[in-house]
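S.K.:
Numbering (the numbering used here), first residue to last: 7 to 210.
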């Protein structure tokens with residue numbers, strides 16, 4: 007089995023540095039164009055299934071990729087690959103010139119993830135790693151050997167899937183950076199074990 011994990015296309019909140027988390031922000035036109043480019047680049051991939059986060063930016067990305075790749079498949083939705091929840095901080099500006107008051111403290115999420123503690127009713131990285139790990143385990147157990155699955159997700163969610171595959175500690179959660187919008191990473195299931203075959207390919 008092979009999975010193609012794609013981060014959703016750009017949104018206006020991505021562009022302005024706002025935390026999205028589980029707030030349902032749609033793609034902008036640049037994000038839609040990125041998804042179409044990715045779909046054209048993946049037109050030779052024989053997708054057999056599509057699984058998406060339930061959030062509309064991920065679902066629309068999956069649909070645009072499929073359409074551009076010339077494939078017609080139902081989009082399955084799985085809440086275990088929804089983005090991490092930032093709770094009360096969703097909508098706060100964390101990048102740019104006009105930062106929210108919480109921005110400095112929140113920076114640990116990126117710079118020292120092992121020290122990150124969510125504000126309010128937010129989700130921990132450990133909780134995100136658990137649910138994405140369960141998703142991968144269930145996919146390995148229930149999928150077909152020759153499945154090729156498009157998995158449409160989010161930045162932190164993609165890194166959580168990869169951390170489960172690589173067995174990275176939380177301190178290495180980001181593995182260098184946040185994945186760009188519409189970056190594609192590929193993992194292969196071999197004898198019951200996931201292996202990361204490629205990482206963060208962006209099709210321009």
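The beta carbon of each residue, even a glycine, is placed where N, CA and C say it ideally should be.
1. What does a CB cutoff of less than 8 Å around residue 55 pick up in its chain, not counting 5 residues either side in sequence?
2. Quick check: residue 63 and residue 188, are their CB atoms within less than 8 Å of each other?
3. In three-state terms, what does DSSP make of residue 191?
4. With H, G and I counted as helix, E and B as strand and the rest as coil, what does DSSP make of residue 206?
5. Start and end of the alpha helix (DSSP H) containing residue 62?
6. For a test of the three-state rule: what should DSSP assign to residue 81, helix, strand or coil?
7. Nearest to residue 33 by alpha carbon, out of 26, 18 and 43?
8. Taking just the CA atoms, how far does residue 42 sit from residue 96?
9. Tell me which residues share the same chain as residue 7 and place their Cβ nearer than 8 Å to its Cβ, disregarding the 5 neighbours each side in the sequence.
10. Would you say the stretch 122 to 129 touches the stretch 196 to 206, given that touching needs at least three Cβ pairs under 8 Å?
11. Would you identify the three-state DSSP class for residue 9, choosing helix, strand or coil?
12. Check whether the Cβ atoms of residue 120 and residue 191 sit closer than 8 Å, and answer yes or no.
13. Is the Cβ-Cβ distance between residue 108 and residue 118 less than 8 Å?
M.R.: Looking at the atomic coordinates:
1. These residues qualify, in order along the chain: 79, 82, 149, 153, 154, 155 and 156.
2. No.
3. DSSP, reduced to helix, strand and coil, places residue 191 within a strand of the structure shown.
4. Looking at residue 206 - three-state DSSP - the assignment turns out to be strand.
5. DSSP places residue 62 inside the alpha helix (DSSP H), whose first and last residues are 62 to 75.
6. Strand.
7. The residue with the shortest Cα to Cα distance from residue 33 is 18.
8. So the alpha carbons of these two residues sit roughly 28 Å apart.
9. So the list reads 145, 146, 149, 150, 151, 152, 153, 154, 155, 194 and 195, once near-sequence residues are dropped.
10. No, they do not touch.
11. Reduced to three states, the DSSP call for residue 9 is strand.
12. Not a contact, by the Cβ cut-off of 8 Å.
13. Contact check for residue 108 against residue 118 fails: the beta carbons are separated by 8 Å or more.
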